[in-house]
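Asks: Sharing a structure, written as structure tokens. Questions coming.
In the working numbering, the protein residues as written are 10 to 327.
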């Protein structure tokens, strides 16, 4: 879960399975989009940053394991086909996009430092002198605040519970004053420098998407065939059991010859699968009736056929 301001939403919580990544990227590129894509899957989250239509970074977090660049995009492709995900797209200013990029991909200058042990005034003066591009993350176990910087000057403030950038530092100051609060400082290149990097020029997204489509289709076909094989095996087992029971019924009415008669009549009609075909079942029972008349009386034959008919009707369903 990443704490990110939403800015101007272009799409929110649309089904990721409906997204064709190459087409979406082409649309964002053509519109010189600046902002980020947030993919949320059952066990993963992906953040992709764009600046002026260029894909400057991609990150996929899957159960604590982070992938970036090509691996992140490939992972997103696979997860889209797996289903169950959503996509939100938010438009931001290039300066804020730069700051968010720092939060996820930036160089860590300070991490996990307890605020009570830091000369915060001195730190801020140092960041101003260094003309920091990036962000400060102030947090406790329950609360988080972000302060975004451009060239050492604060751009705005953001905290859990808000949806957009604020100009007031009051909530950030409250969180900084909480017991056990800590601070991270992350830096990145300027927005103009980030523009020199474009994953869309480095990764053939269309080819990657097509290969993922093919791989997923092959995997689904394999699973389907395995399921069909299991179904056929289960069906054959049920028919074998039904055939054995029909033989037992015949033996109960006309003796050992009954089993032979049932087997012969089924074999004449292509085997036990004939029990799934209504017309072949009628012919099978007629053949059994004809043979049984030579071995027992009409009353027993009629009772036997009725028992067989009921067994087949209840258990031999395609």
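A virtual CB, placed ideally from N, CA and C, is assigned to each residue, including glycine. None of these values were measured; they are calculated from a predicted model.
1. Tell me the rounded alpha-carbon separation between residue 31 and residue 14.
2. So, are the CB atoms of residue 113 and residue 212 less than 9 Å apart?
3. Apply the 10 Å Cβ neighbour rule to residue 273 and answer buried if 16 or more other Cβ atoms are within range, or exposed otherwise.
4. In chain order, what residues of the same chain lie with their CB nearer than 6 Å to the CB of residue 90, ignoring the 5 residues before and after it?
5. Three Cβ pairs or more, each shorter than 8 Å: is that satisfied between the segment 53-66 and the segment 115-134?
6. Who does residue 75 pair with in a DSSP beta bridge?
7. So, for residue 180: in the same chain, excluding its five sequence neighbours on each side, which residues have a beta-carbon less than 6 Å away from its beta-carbon?
8. For the beta strand (DSSP E) containing residue 217, name the first residue and the last one.
9. Just confirm the distance between the C-beta atoms of residue 187 and residue 149, as a whole number of angstroms; I'd bet it's less than 8 Å.
10. What are the boundary residues of the beta strand (DSSP E) that includes residue 162?
11. Could you tell me the boundaries of the beta strand (DSSP E) in which residue 18 lies?
12. What residues are listed by DSSP as bridge partners for residue 144?
13. Considering Cα atoms alone, identify which of 23, 19, 28 and 20 is closest to residue 218.
14. Quick one: is residue 259 buried, meaning 16 or more other Cβ sit within 10 Å of its Cβ, or exposed?
15. Based on Cα-Cα distance, which residue from 208, 279 and 145 lies nearest to residue 161?
16. Apply the 10 Å Cβ neighbour rule to residue 140 and answer buried if 16 or more other Cβ atoms are within range, or exposed otherwise.
17. Below 9 Å between beta carbons: does that hold for residue 37 and residue 59?
18. Do residue 78 and residue 25 have their C-beta atoms closer together than 9 Å?
19. So what does DSSP say about residue 28, is it helix, strand or coil?
20. Pick out whichever of 57, 299 and 43 has its Cα sitting closest to the Cα of residue 49.
21. Could you name the residues of the same chain whose beta carbon sits closer than 7 Å to that of residue 95, not counting the 5 residues immediately before and after it, in chain order?
22. For the alpha helix (DSSP H) that residue 57 lies in, which residues bound it at each end?
23. Confirm, please, whether the CB-CB distance from residue 55 to residue 47 is below 9 Å.
24. Counting only runs of 3+ residues fully inside the segment 87-123, write out the beta strand (DSSP E) ranges in chain order.
25. What are the residues that DSSP puts in a beta bridge with residue 49?
Replies: According to the structure shown:
1. Position 22 of the chain shown holds residue 31. Position 5 of the chain shown holds residue 14. Straight-line Cα distance between these residues: approximately 25 Å.
2. The residue labelled residue 113 in the question sits at position 104 within the chain shown. The residue labelled residue 212 in the question sits at position 203 within the chain shown. Taking 9 Å as the Cβ cut-off, residue 113 and residue 212 do not qualify as a contacting pair.
3. To locate residue 273, count along the chain shown from 1; it is residue 264. With fewer than 16 neighbouring CB atoms inside 10 Å of its own CB, residue 273 falls in the exposed class.
4. Within the chain shown, numbered from 1, the residue matching residue 90 stands at position 81. For residue 90, where only same-chain residues beyond five positions count, the Cβ hits under 6 Å are 225.
5. The segment 53-66 vs the segment 115-134: no contact.
6. Locating residue 75 in the chain shown gives position 66, counting from the first residue. Residue pairing of residue 75 in beta bridges, as defined by DSSP: 70.
7. As a working mapping, residue 180 is identified with position 171 in the chain shown. Once the five neighbours on either side are set aside, the close Cβ partners of residue 180 are 168.
8. Residue 217 sits at position 208 when you count from the first residue of the chain shown. Looking at the DSSP string, residue 217 is not in any beta strand (DSSP E); the run it does join, the alpha helix (DSSP H), is 214-263.
9. For the purposes of this step, residue 187 is taken as the residue at position 178 of the chain shown. For the purposes of this step, residue 149 is taken as the residue at position 140 of the chain shown. Sure, about 5 Å apart at Cβ, within 8 Å.
10. Residue 162 sits at position 153 when you count from the first residue of the chain shown. Going by DSSP, residue 162 is part of the beta strand (DSSP E) stretching over 162-168.
11. Looking up residue 18 in the chain shown gives position 9. Here the beta strand (DSSP E) through residue 18 covers 17-24.
12. Here residue 144 corresponds to residue number 135 of the chain shown, with the count starting at 1. Residue 144 pairs with 157 and 195.
13. Your numbering for residue 218 matches position 209 in the chain shown. Out of 23, 19, 28 and 20, 28 has the C-alpha closest to the C-alpha of residue 218.
14. Mapped onto the chain shown, residue 259 falls at position 250. Counting C-beta atoms within 10 angstroms of its own C-beta, residue 259 has 16 or more neighbours from the protein chains shown and is therefore classed as buried.
15. Start at 1 with the first residue of the chain shown, and residue 161 comes out as number 152. Comparing Cα-Cα distances from residue 161 to each of 208, 279 and 145, the minimum goes to 145.
16. Taking the first residue of the chain shown as position 1, residue 140 is located at position 131. Classification for residue 140: exposed.
17. Residue 37 sits at position 28 when you count from the first residue of the chain shown. Residue 59 sits at position 50 when you count from the first residue of the chain shown. Taking 9 Å as the cut-off, the Cβ atoms of residue 37 and residue 59 count as close.
18. For the purposes of this step, residue 78 is identified with residue 69 of the chain shown, where counting begins at 1. For the purposes of this step, residue 25 is identified with residue 16 of the chain shown, where counting begins at 1. In this structure, residue 25 does not lie closer than 9 Å to residue 78 by Cβ.
19. The residue labelled residue 28 in the question sits at position 19 within the chain shown. Residue state, collapsed to three classes: coil.
20. In the chain shown, counting from the first residue as 1, residue 49 sits at position 40. If you compare the alpha carbons of 57, 299 and 43 with that of residue 49, the shortest gap goes to 57.
21. Position 86 of the chain shown, counting from 1, holds the residue named residue 95. Taken in chain order, the residues that qualify are 22, 23, 24, 25 and 49.
22. As a working note, residue 57 is residue 48 in the chain shown. Looking at the DSSP string, residue 57 is not in any alpha helix (DSSP H); the run it does join, the beta strand (DSSP E), is 53-60.
23. Translated into positions along the chain shown, residue 47 becomes position 38. Translated into positions along the chain shown, residue 55 becomes position 46. Taking C-beta atoms as the reference points, residue 47 and residue 55 count as a pair closer than 9 Å.
24. Runs of the beta strand (DSSP E) spanning 3 or more residues and lying entirely within the segment 87-123 occur at 95-100 and 116-123, in chain order.
25. Within the chain shown, the letter at position 40 stands for residue 49. According to DSSP, residue 49 bridges with 54 and 95.
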